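Sequential numbering of the sequence shown, starting at 1, is according to my numbering.
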Amino acid sequence: MCMEVDVAGGNYEPFWVGFPLVDIHRCVAPDILHQLYQGVLKHLIGWVQTVMGEEELDRRICSLPPASGVRHFKNGISALAQVTGTERKHIARILLSCLVGKVESKGIIACWSLLNFIHLAQYPSHDEETLGYLKLELDTWHKYRLFFLQDSVRENFNIPKFHSLLHYIDAIRWLGTTDNYNTELFERLHIDFAKEGWRASNKRDHFPQMVKWLSRQEKIASYDFYRSWLEESQSHEVGNEEEAENEPKEGGGDETFEVVRKKGSQSSGGDNASQAIKGRMMLSKHPAEPKKSLVRILISHAAPGFLAHLKLFLNSLLPHAQQVSKHQALQGTLPFTNLDVWHQYKFAPANLFNDDSDGIREIVKAVPICPKSHGSTL
Numbered sequence: 001m002c003m004e005v006d007v008a009g010g011n012y013e014p015f016w017v018g019f020p021l022v023d024i025h026r027c028v029a030p031d032i033l034h035q036l037y038q039g040v041l042k043h044l045i046g047w048v049q050t051v052m053g054e055e056e057l058d059r060r061i062c063s064l065p066p067a068s069g070v071r072h073f074k075n076g077i078s079a080l081a082q083v084t085g086t087e088r089k090h091i092a093r094i095l096l097s098c099l100v101g102k103v104e105s106k107g108i109i110a111c112w113s114l115l116n117f118i119h120l121a122q123y124p125s126h127d128e129e130t131l132g133y134l135k136l137e138l139d140t141w142h143k144y145r146l147f148f149l150q151d152s153v154r155e156n157f158n159i160p161k162f163h164s165l166l167h168y169i170d171a172i173r174w175l176g177t178t179d180n181y182n183t184e185l186f187e188r189l190h191i192d193f194a195k196e197g198w199r200a201s202n203k204r205d206h207f208p209q210m211v212k213w214l215s216r217q218e219k220i221a222s223y224d225f226y227r228s229w230l231e232e233s234q235s236h237e238v239g240n241e242e243e244a245e246n247e248p249k250e251g252g253g254d255e256t257f258e259v260v261r262k263k264g265s266q267s268s269g270g271d272n273a274s275q276a277i278k279g280r281m282m283l284s285k286h287p288a289e290p291k292k293s294l295v296r297i298l299i300s301h302a303a304p305g306f307l308a309h310l311k312l313f314l315n316s317l318l319p320h321a322q323q324v325s326k327h328q329a330l331q332g333t334l335p336f337t338n339l340d341v342w343h344q345y346k347f348a349p350a351n352l353f354n355d356d357s358d359g360i361r362e363i364v365k366a367v368p369i370c371p372k373s374h375g376s377t378l
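If you want it as structure tokens, here you go:
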């Protein structure tokens with residue numbers, strides 16, 4: 001029976017059994033990746049496919065024109081296997097446009113409210129106004145979700161990940177914005193450590209075996225923690241001699257922590273590098289026009305106010321005590337007569353949702369005026 005439903009056998013008691021006053025929703029922080037994108041949005045896409053039909057939804061997705069910053073699914077989405085969080089983010093950007101004309105207005109409003117909730121939940125800062133927007137979108141979803149019941153797509157909405165939406169506002173007030181505890185930050189480690197469970201299986205019916213292996217690892221870790229606590233408590237009851245004998249064990253614990261920390265830092269090095277590039281300007285190694293005179297810059301770039309703005313800008317960079325008035329800065333002379341000129345530079349714009357997966361780079365160009373070749377003498 002367990003193999004048929006693809007779950008591990010065994011009866012596992014929740015960790016909060018025995019604590020009648022515990023609020024489990026304050027013990028589990030919201031998770032944008034696994035609750036919203038890999039949970040709520042996954043269910044929503046499946047329901048939309050049931051209403052429209054997989055072929056019709058794929059046809060509409062394929063017919064969408066390519067757009068900057070949005071992935072083009074040329075073969076649709078029904079054939080995708082092991083869909084990643086990044087792919088679901090791209091699907092969320094185009095899903096609503098594919099429903100118009102095929103899904104009733106109540107269904108579109110229900111989908112719209114859920115997509116709005118997902119985006120609002122990722123805000124890097126919140127106030128009472130934005131939390132009110134979250135509450136409004138959640139109320140809208142509860143009002144129009146009956147569309148999926150009336151269309152026989154669902155019999156009920158008893159889904160834990162949908163219930164978790166009710167606790168997002170309280171969790172943000174208590175723990176701060178969701179980017180502080182989003183498991184997407186540790187997804188690289190998840191990819192690496194999932195392979196350990198796979199290697200421990202016999203490569204057949206691996207999912208129940210991986211769950212059982214993980215359960216055993218947690219029990220061993222819990223028992224090891226208990227032994228460490230017991231030894232430490234006993235060492236305080238005995239004399240100083242036994243406390244001295246336990247000192248090497250404490251040093252060993254510190255060494256183990258150092259190894260784990262280094263392993264984590266290596267796996268997340270790429271993310272740190274991408275964050276470092278975010279917002280910086282990227283120039284070519286050599287300028288397009290080195291040591292170009294200021295007069296030529298005024299003429300070739302049609303920028304008559306360039307010198308005035310340059311003087312004011314340089315004056316603003318000085319310490320406050322050394323800055324002069326605007327009139328004095330404009331009347332002064334520059335200590336140079338030439339500048340290196342680049343015709344373009346690239347930069348990575350700041351993203352509201354801290355989503356670095358797209359790798360979007362914007363280009364700013366300042367190309368000088370070129371004389372027309374028509375009628376020129378060769």
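Even glycine gets a Cβ: it sits at the ideal position worked out from N, Cα and C.
As the structure is a computational prediction, the values presented were derived from the model and not from experiment.
Looking at residue j and residue i, is the spacing between their C-beta atoms short of 8 Å?
| i | j | result |
| --- | --- | --- |
| Leu407 | Ile45 | Because residue 407 is not part of the residues shown, which for the chain are 1 to 378, the question remains open. |
| Ser300 | Thr337 | no |
| Leu317 | Ala329 | no |
| Val341 | Pro287 | yes |
| Ile191 | His126 | no |
| Arg88 | Leu41 | yes |
| Leu298 | Leu307 | yes |
| Ile363 | Pro349 | no |
| Arg296 | Phe347 | no |
| Ile220 | His43 | no |
| Leu283 | Tyr223 | no |
| Val51 | Asp139 | no |
| Gly197 | Trp174 | no |
| Ala321 | His343 | no |
For residue i, which residues from the same chain have a beta carbon less than 6 Å from its beta carbon, with the 5 sequence-adjacent residues on both sides left out?
| i | result |
| --- | --- |
| Asp170 | none |
| Ile118 | Leu36 |
| Gln209 | Ser201 |
| Phe225 | none |
| Gln331 | none |
| Gln49 | Leu57 |
Using three-state DSSP, classify residue i as helix, strand or coil.
| i | result |
| --- | --- |
| Glu155 | coil |
| Ile363 | strand |
| Asn338 | strand |
| Phe313 | helix |
| Phe148 | helix |
| Leu294 | helix |
| Gln344 | strand |
| Val28 | coil |
| Val70 | strand |
| Glu87 | helix |
| Glu13 | coil |
| Glu289 | strand |
Exposed or buried, which one is residue i when buried takes at least 16 other CB atoms within 10 Å?
| i | result |
| --- | --- |
| Phe193 | exposed |
| Asn182 | buried |
| Leu165 | buried |
| Ile61 | buried |
| Thr333 | exposed |
| Ile91 | buried |
| Ala110 | buried |
| Cys98 | buried |
So, at 8 Å on beta carbons, what are the nonlocal neighbours of residue i in its own chain, with the 5 sequence-adjacent residues on each side left out?
| i | result |
| --- | --- |
| Trp47 | Phe148, Val153, Arg154 |
| Leu33 | Gly85, Asn182, Thr183, Glu184, Glu187 |
| Gly176 | none |
| Val100 | Ile108 |
| Lys291 | Asn338, Leu339, Asp340 |
| Pro66 | His72 |
Within its chain, find whatever has a CB closer than 7 Å to the CB of residue i; leave out the 5 residues flanking it on each side and keep chain order.
| i | result |
| --- | --- |
| Leu120 | Thr130, Tyr133, Leu134, Glu137 |
| Tyr168 | Pro30, Ala121, Leu134 |
| Gly39 | Lys161 |
| Glu289 | Val341 |
| Trp112 | Leu96 |
| Ala302 | Ile369 |
So, does the segment 60–80 touch the segment 27–44, judging by three or more C-beta pairs under 8 Å?
Judged by Cβ distances under 8 Å, the segment 60–80 makes no contact with the segment 27–44, as fewer than three pairs qualify.
Touch check for the segment 138–148 and the segment 97–114: three-plus C-beta pairs under 8 Å?
Two segments are said to touch when three or more pairs of C-beta atoms, one from each, lie closer than 8 Å; by this definition the segment 138–148 touches the segment 97–114.
Whether or not the segment 190–209 and the segment 50–59 are in contact is what I'm after, with contact meaning three or more pairs of Cβ atoms, one per stretch, closer than 8 Å; do they touch?
Touching, no, given that fewer than three Cβ pairs across the two stretches are closer than 8 Å.
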